[in-house]
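Numbering (the numbering used here), first residue to last: 11 to 194.
Each residue gets a CB set at the ideal place from its N, CA and C atoms; glycine is no exception.
All values reported here derive from a predicted model rather than from experimental measurement.
In what follows, a structure is listed as structure tokens, so that the remarks can point back to it.
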């Protein structure tokens, strides 16, 4: 397994994984997300759920699992990192043939931790690559699985072989808000 990669399985009971999956796979998405800030290169389904700990998926009311998941990451799984808040939480949706593009969530070393939650589906691995695109590690898709890594690591979400794959893509700052550039 790649250095600095953390995979957490079976944290949530089955009923919680199922309830979260049932809701998140029905969350409305738009075909306007891009990991490259360029719609001509890549585009996928998604919607922003949280920014700076605030629910932003209006007009939908906040969903209990999203807030609970955020608190689990901050107060338990990554508590030794002394994280104060969630920078953003994005719901990603993929169908067969809609592979994610290789990307970094942040290009600066040490500013953020990325957390991917495999919410719903039966396939669509999280793949880690070099900047040139060479595969270096792969984490199989499993509902309820949490994948954690430094945000500067290149990665992508493969599309499912069938059905609809839903994941949460989160970023947690390791530095104070004052140390982040204004674009964040």
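Return helix, strand or coil for residue i, following the three-state DSSP convention.
i	result
residue 104	strand
residue 147	strand
residue 164	coil
residue 82	helix
residue 31	helix
residue 90	helix
residue 157	strand
residue 139	strand
For residue i, which residues from the same chain have a beta carbon less than 8 angstroms from its beta carbon, with the 5 sequence-adjacent residues on both sides left out?
i	result
residue 29	75
residue 80	60, 63, 96, 99 and 180
Give the straight-line distance between the Cα atoms of residue i and residue j, rounded to the nearest whole angstrom.
i	j	result
residue 159	residue 69	31 angstroms
residue 82	residue 106	31 angstroms
residue 148	residue 157	11 angstroms
residue 114	residue 23	31 angstroms
residue 40	residue 125	22 angstroms
Leaving out five residues on either side along the sequence, give the residues of the same chain with a beta carbon under 7 angstroms from the beta carbon of residue i.
i	result
residue 72	65
residue 150	135
residue 171	106 and 133
Skipping 5 residues on each side, what residues in its chain have a beta carbon closer than 6 angstroms to that of residue i?
i	result
residue 93	84 and 182
### Message
At 3 residues or longer, what runs of the beta strand (DSSP E) sit wholly inside the region 108-137?
### Response
122-130
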